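Since the structure comes first, as structure tokens, the remarks are kept for the end.
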Amino acid sequence: MREIFFVACGGSYAHMLPNQYIVEREAVAIVGHALNAAEFKACAPKRLGKSSIVIACSHSGTTPETVEAVKIARAAGALTISLTHDLGSPLDEASEYTVSYVHSPQTMSPVHSAAVLTRLTFGILEAREGNSKVPALTEALAKLPALVDKIAQDRKTDIAAFAEAHKRAPLIYTMASGANYGVAYSFAICILQEMQWINSAAIHAGEYFHGPFEITDFDVPFIQLIGLGPSRTMDERALAFAKKYSKCMTVLDAQELGLAALPDSVSEYLTPLVFSPFLRIYAEKLGASRGHPLTVRRYMWQMEY
Numbered sequence: 000m001r002e003i004f005f006v007a008c009g010g011s012y013a014h015m016l017p018n019q020y021i022v023e024r025e026a027v028a029i030v031g032h033a034l035n036a037a038e039f040k041a042c043a044p045k046r047l048g049k050s051s052i053v054i055a056c057s058h059s060g061t062t063p064e065t066v067e068a069v070k071i072a073r074a075a076g077a078l079t080i081s082l083t084h085d086l087g088s089p090l091d092e093a094s095e096y097t098v099s100y101v102h103s104p105q106t107m108s109p110v111h112s113a114a115v116l117t118r119l120t121f122g123i124l125e126a127r128e129g130n131s132k133v134p135a136l137t138e139a140l141a142k143l144p145a146l147v148d149k150i151a152q153d154r155k156t157d158i159a160a161f162a163e164a165h166k167r168a169p170l171i172y173t174m175a176s177g178a179n180y181g182v183a184y185s186f187a188i189c190i191l192q193e194m195q196w197i198n199s200a201a202i203h204a205g206e207y208f209h210g211p212f213e214i215t216d217f218d219v220p221f222i223q224l225i226g227l228g229p230s231r232t233m234d235e236r237a238l239a240f241a242k243k244y245s246k247c248m249t250v251l252d253a254q255e256l257g258l259a260a261l262p263d264s265v266s267e268y269l270t271p272l273v274f275s276p277f278l279r280i281y282a283e284k285l286g287a288s289r290g291h292p293l294t295v296r297r298y299m300w301q302m303e304y
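Mind the numbering: the sequence shown is residues 0 to 304 in numbering that gives the first Met the number 0, read in order.
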């Protein structure tokens with residue numbers, strides 16, 4: 000086996016990005032690629048075959064592009080593993096192996112989708128390359144439920160203030176890098192755009208100075224995630240500039256939230272598993288302040304598309 004393709008759409012695709020990052024940082028010979036399922040379906044890589052693993056995810060197990068991508072991968076001889084909340088779904092039936100998970104967006108545990116996927120990625124690296132970080136990962140994941148609950152409790156005032164300050168904002172940018180870019184991407188497209196109808200874009204902190212910083216102004220809101228590990232320097236550089244010119248910065252720093260207390264060998268990979276449920280709590284409060292519940296849709300599930 001020489002490569003892992005992480006394939007999904009939307010929020011599930013966002014889960015794949017931190018795992019591509021893990022492979023890039025940890026694998027000796029294995030290559031990781033995160034691909035949108037529709038793109039994979041339209042133009043599957045020519046090298047897809049018996050030396051490939053395709054890991055797919057769809058919460059409902061019915062996302063047509065993801066189901067079709069798994070069928071294509073399996074027909075090409077790749078090993079297919081899928082994550083879904085619904086065993087017996089079309090995705091489950093299309094895959095050789097299926098892993099189910101618990102879904103509770105405002106919490107995190109070793110059996111939540113993002114954690115299951117992280118365990119799977121490190122498990123493959125352990126089995127194929129002898130990666131030794133699974134024990135540290137297991138130790139860290141066991142601490143996450145209490146850590147997320149504590150952060151949410153400690154930051155209740157900040158969350159309420161954010162919701163009040165942004166309830167009429169027509170636009171909010173999210174910025175991150177490294178393992179956390181997928182969280183920023185998901186928050187921008189799945190929460191702000193889809194669930195709140197707020198214009199947004201995810202900005203990679205490493206790309207901020209190559210175009211996006213030109214939109215920075217005193218009244219332009221940013222949410223910035225500051226991670227751990229080597230990508231932190233990119234986050235800090237972007238933040239130092241942005242906070243000079245924007246008076247609407249919401250900064251979530253992994254160190255300040257206590258994540259540096261997790262085992263150092265895996266702490267940078269666990270930050271998205273904390274930021275994701277924490278931001279969902281922000282989203283719920285924002286939706287309540289705006290009078291726009293996260294369940295309301297204009298097009299999704301309302302018509303054919």
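No residue lacks a Cβ here, since even glycine has one placed at the ideal position from N, Cα and C. It should be emphasised that the depicted structure is a prediction, and the values quoted were computed from it without experimental measurement.
Does residue i come out as helix, strand or coil in the three-state DSSP assignment?
i: MET15; result: helix
i: TYR96; result: strand
i: ILE171; result: coil
i: ASP157; result: helix
i: ILE188; result: helix
i: LEU258; result: helix
i: VAL69; result: helix
i: LEU47; result: coil
i: PRO211; result: helix
i: LEU116; result: helix
i: TYR304; result: coil
i: PHE217; result: coil
i: ALA26; result: coil
i: ARG127; result: helix
i: LEU86; result: coil
i: ALA41; result: helix
i: PRO63; result: helix
i: ASP263; result: coil
Which partner residues does residue i have in the DSSP bridge list?
i: HIS111; result: VAL101
i: HIS203; result: ALA175
i: ALA307; result: Because residue 307 is not part of the residues shown, which for the chain are 0 to 304, the question remains open.
i: ILE225; result: ASP252
i: ASN198; result: LEU170
Using a threshold of 7 Å, state whether the C-beta atoms of residue i and residue j are closer than that.
i: VAL53; j: THR79; result: yes
i: MET174; j: ALA204; result: yes
i: GLN105; j: ARG279; result: yes
i: ARG127; j: MET299; result: no
i: TYR100; j: VAL110; result: yes
i: LEU261; j: LEU269; result: yes
i: LYS40; j: GLU64; result: yes
i: HIS32; j: LEU116; result: no
i: LEU47; j: ALA75; result: yes
i: ASN179; j: PHE121; result: no
i: CYS56; j: LEU82; result: yes
i: ILE197; j: ILE171; result: yes
i: ALA168; j: PRO220; result: yes
i: ILE123; j: PHE277; result: no
i: PHE4; j: ASN18; result: no
i: PHE208; j: LYS246; result: no
With a cut-off of 8 Å on the beta carbons, I'd call residue i and residue j a contact; round off their distance for me.
i: ILE225; j: VAL265; result: Rounded, the Cβ-Cβ distance is 18 Å, inconsistent with contact.
i: MET194; j: ALA282; result: 7 Å
i: ALA36; j: ALA7; result: 6 Å
i: GLY10; j: SER185; result: 5 Å
i: ALA162; j: LEU256; result: That belief does not hold up - the Cβ atoms of ALA162 and LEU256 are roughly 19 Å apart, past 8 Å.
i: VAL66; j: ALA93; result: 5 Å
i: LEU86; j: SER108; result: Incorrect: roughly 19 Å between the Cβ atoms, too far for contact.
i: GLU267; j: GLY177; result: 7 Å
i: ARG118; j: LEU136; result: 7 Å
i: SER227; j: GLN254; result: Residue 227 is actually Leu in this sequence, not Ser. Contact holds; Cβ gap of about 7 Å.
Starting from residue i and walking both ways along the alpha helix (DSSP H), at which residues does that stretch end?
i: GLN152; result: 133-153
i: GLU283; result: 266-289
i: PHE240; result: 231-244
Heavy atom of the ligand COA less than 6 Å from the Cβ of residue i, yes or no?
i: ARG289; result: Judged by which ligands are present, the structure shown has none, so any question about the ligand COA falls away.
Output the boundary residues of the beta strand (DSSP E) element that contains residue i.
i: ASP252; result: 248-252
i: PHE4; result: 2-7
i: LEU34; result: 30-35
Is there at least one Cβ from chain D nearer than 7 Å to residue i's Cβ?
i: LEU78; result: Checking the listed chains, one finds no chain D in this structure; it contains a single protein chain.
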